[in-house]
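Asks: Let me begin by handing over the structure; questions about it come next.
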Amino acid sequence: MTTPVIGQDCDVIFIHPDVNDGNPYGFVLTPDPSKSGSSFSVQRKLGDDQATTGILIYFTIILADDLKNPDGSEHADSRSTMYDMLLDYMENLTGLSIDTVIGTYVGLGQFGHTLTELHLVEATFESLKFANIDTYHPPIESSLFYGSLWQDDPPAAGAFTWETSVWR
């Protein structure tokens, strides 16, 4: 299995320890006709106590056979494989991390209405909404996030260990 790369074979990457053996999985966003390429939306909200910050992340992914990746190559997985993987992630209400072009959002989950599906003959459009379920932290640099994931023993070169990790 190859690690997905944003801008090459996907636009967003989902990571959850209970899905896909904890390995990242990439999805392709639908193109935004008003922008160059794909986009996602982040809405920030101040809590009733005026001290907590919440976020809502919205985007739409496309699932299709013969799907083109952002770099123009053909996507490796079929429509049904992508759909099954998405449903596996959606079975987990908390603990999701989503890697984006601006960094990785951690501590995400489902709150209220989270998924709208539009099934067409040639493709499926999945409009998703996620929220921070625990304390909000701005997205972290993706290399820091991936370096902080549990590693095999001995750890991969450059991976964080108990001695070199930073804890929030």
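The numbering of the sequence shown is the working numbering, which starts it at 50 and goes up by one. All C-beta atoms, glycine included, are put in the ideal place defined by N, C-alpha and C.
Indicate whether Phe76 and Val54 have their beta-carbon atoms separated by less than 7 Å.
Replies: If you number the sequence shown from 1, residue 76 lands on position 27. If you number the sequence shown from 1, residue 54 lands on position 5. No, these two residues do not count as a Cβ contact at 7 Å.
Asks: Excluding the 5 residues flanking Asn118 on each side, which residues of the same chain have their C-beta closer than 8 Å to its C-beta?
Replies: Within the sequence shown, residue 118 is the residue found at index 69, counting from 1. Here the set comprises Gln57, Asp58, Cys59, Val77 and His124.
Asks: Would you say Ala63 and Tyr138 are within 7 Å of each other, going by their C-beta atoms?
Replies: Along the sequence shown, one-based indexing puts residue 63 at 14. Along the sequence shown, one-based indexing puts residue 138 at 89. One detail in the question is off: residue 63 reads as Phe in this sequence, not Ala. Yes, Cβ-Cβ distance for Phe63 and Tyr138 is below 7 Å.
Asks: Tell me the DSSP secondary structure of Pro66 in three-state form.
Replies: For the purposes of this step, residue 66 is taken as residue 17 along the sequence shown, with counting starting at 1. Looking at Pro66 - three-state DSSP - the assignment turns out to be coil, as it is neither helix nor strand.
Asks: Compute the Euclidean distance between the alpha carbons of Glu140 and Asp120, then round it to the nearest angstrom.
Replies: For the purposes of this step, residue 140 is taken as residue 91 along the sequence shown, with counting starting at 1. For the purposes of this step, residue 120 is taken as residue 71 along the sequence shown, with counting starting at 1. So the two alpha carbons sit approximately 30 Å from each other.
Asks: Jot down the residue ranges of each uninterrupted beta strand (DSSP E) in the segment 71–158, minimum 3 residues, whole runs only, in chain order.
Replies: Those beta strand (DSSP E) runs which fall completely within the segment 71–158 and span 3+ residues are 74–78, 90–95, 102–112, 145–149 and 152–158.
Asks: Which residues does DSSP pair with Glu175 in a beta bridge?
Replies: Translated into positions along the sequence shown, residue 175 becomes position 126. Answer is Ile110 and Glu166, bridged to Glu175.
Asks: My assumption, with CB atoms under 8 Å, is that Ile110 sits in contact with Thr79. Please give the rounded CB distance.
Replies: As a working mapping, residue 110 is identified with position 61 in the sequence shown. As a working mapping, residue 79 is identified with position 30 in the sequence shown. The Cβ separation is near 7 Å, so the contact holds.
Asks: Are the beta-carbon atoms belonging to Leu145 and Leu157 less than 7 Å from one another?
Replies: Position 96 of the sequence shown, counted from the start, is the residue given in the question as residue 145. Position 108 of the sequence shown, counted from the start, is the residue given in the question as residue 157. Their beta carbons are under 7 Å apart, which means Leu145 touches Leu157 by this criterion.
Asks: For the segment 90–99 against the segment 155–174, do three or more pairs of beta-carbon atoms, one drawn from each stretch, fall closer than 8 Å, so that the two count as touching?
Replies: No: fewer than three Cβ pairs fall under 8 Å.
Asks: Under a Cβ-count criterion, where at least 16 other Cβ atoms within 10 Å of its own Cβ denotes burial, should Gln159 be classed as buried or exposed?
Replies: Your numbering for residue 159 matches position 110 in the sequence shown. The residue is buried, with at least 16 neighbouring Cβ atoms inside 10 Å.
Asks: Select from Pro187, Ile182 and Thr163 the residue whose C-alpha is nearest the C-alpha of Gly152.
Replies: One-based indexing of the sequence shown puts residue 152 at position 103. Closest by alpha carbon: Pro187.
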